[in-house]
Amino acid sequence: MPRPYPPVRLPDCLTTFTPIPHTCPIPPNVVGYIGGQLRDPPRFVLWRNALEITVQAPSRDHALDARVGPDDEDYEYQISEASMKRNAHWLEIIQSLLDRIEFGTTNWAYLIPNREGGYTITHKERPMPKVTCPLWAPLIFEDEIQFTVWGTKWDRRGIWNGKEIDVLFATDETRFSYLDTTMRRMRAISGMDLTYEVYGHLVRKDGTVVGLVTEAAWGRPIKSSDRALIYQTAARLQSRGWVYFGSLHNHFLIAGGKVRLIEPSALKFYSKDDTERLYSDAERFHWWALNKLFWEFENYGPFGNVRLPQPRFTASFSNSNLVIPPPSPERPLGGMFIHIPSYFRTMRVRPWPDYPENYPQQRDTEDRKIQTMKHCR
């Protein structure tokens, strides 16, 4: 095993599990930015009054923004920095065009350069793939759910029939494939008592399946004393032909003394004719990975080498200020609703002029987070 890096204290906002609010944090009639895609083409998912639309910005070769060549050790980091700054730039432009976005008319819109040197919004419905997994749980309609947490655009939490829930929500082609895989894996291991209860398939009014609704994950992260329990779980999976590729990423929780797999899509099944591959992959993704993970717990701390909880578990709107830009004659309800520490700090850019900087006390913590991320590249 490599020598450990000097311990770095992770910000509490990345490791503290937060309760699920029972009301939507985005005020009525205000546009909220709930997630997106950093890589090209950049995409921004916006929300207003429970209606969503994805705005796609122009692509760009971020290698053009790097100040060093591909052989430099900081090249990938600079590419990442450039893409984050470009992301913030596009979102600022989109904010200036909010009045031209028509929620509820299409699922997609495009940010298009115009002849005057600015940009315009063009709406166009984007066909989405359909899941191929047969439905095996009750149907839950989209308007029955109140979303209150967005860890990412697809990883959500909320309330349904008074129950706290987690929702895997498909917003694009990649996530529909991810949803399909998750549905199949959850059904296949349903008798092994390794996942949270499935409440139903999330569907739109036209019957399109767009998500999977489960009991909200609860419990605690695993720790060094859980080694035997986790190893027993891995052995049981392997004995039934499964390998869990989420082991090294610490994608486990302990709930009521039982192991819960929080990334079912990371499961892979091997037929009886493929036992050699099963043993080979299990050796790497179970036993080597778990040995490394528990070694990290002992040498780095409770989250190993930055094996962080999934964003939906730590996303918090109640513990940080949320700034809506001041109203104007053109936009009487103000501009875009953004989780300031989560967005501007993560993008490592200063907020736009109409988003006042209210977080000098967090700068040291965020700088440590950035150094940790660079440390563990």
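Using UniProt numbering, the first residue of the sequence shown is number 1, and each one after it goes up by one. Here a beta-carbon is modelled for each residue, glycine too, at the ideal position from N, C-alpha and C. Please read these numbers as outputs of a predicted model, since none were measured by experiment.
- The segment 174 to 188 makes no contact with the segment 24 to 34; the number of CB pairs closer than 8 Å stays below 3.
- Annotation for Ala289: the continuous alpha helix (DSSP H) segment containing it runs 289 to 300.
- DSSP places Ile26 in the coil class of the three-state scheme, outside both helix and strand.
- Restricted to the segment 39 to 112, the beta strand (DSSP E) segments that are unbroken, complete and at least 3 residues in length are 43 to 48, 51 to 56, listed in chain order.
- In terms of CA proximity to Trp287, Leu248 leads the group Arg39, Phe313, Leu248, Gly219.
- Counting C-beta atoms within 10 angstroms of its own C-beta, Asp143 has fewer than 16 neighbours from the protein chains shown and is therefore classed as exposed.
- Contact check for Phe294 against Arg236 fails: the beta carbons are separated by 8 Å or more.
- Between Val213 and Pro21, the C-beta gap is not smaller than 8 Å, which leaves the two residues out of contact.
- Between the alpha carbons of Met183 and Pro327 lies a gap of roughly 44 Å.
- Annotation: the continuous alpha helix (DSSP H) that includes Asp281 extends over 275 to 282.
- In the displayed model, Ile230 falls within a helix according to three-state DSSP.
- Positions of the beta strand (DSSP E) runs, each at least 3 residues long and wholly inside the segment 158 to 206, are given as 163 to 169, 198 to 203 in order along the chain.
- As the crow flies, the alpha-carbon of Asp193 is around 46 Å from that of Leu111.
- Around the Cβ of Gly151, a 10 Å sphere holds 16 or more other Cβ atoms; the residue is buried.
- Excluding residues up to 5 positions away in sequence, Thr120 lie with their Cβ nearer than 7 Å to the Cβ of Asn114 in the same chain.
- Here Arg156 carries a strand assignment [DSSP, helix/strand/coil].
- Between the segment 302 to 316 and the segment 269 to 276, the count of C-beta pairs closer than 8 Å stays below three; the two stretches do not touch.
- Distance between Ser59 and Gly104, taken at the CA atoms: about 25 Å.
- Straight through space, the alpha carbons of Ile145 and Ile338 are spaced by roughly 22 Å.
- Taking C-beta atoms under 8 Å as the contact rule, Leu38 and Thr314 fail to qualify, at a distance of about 19 Å.
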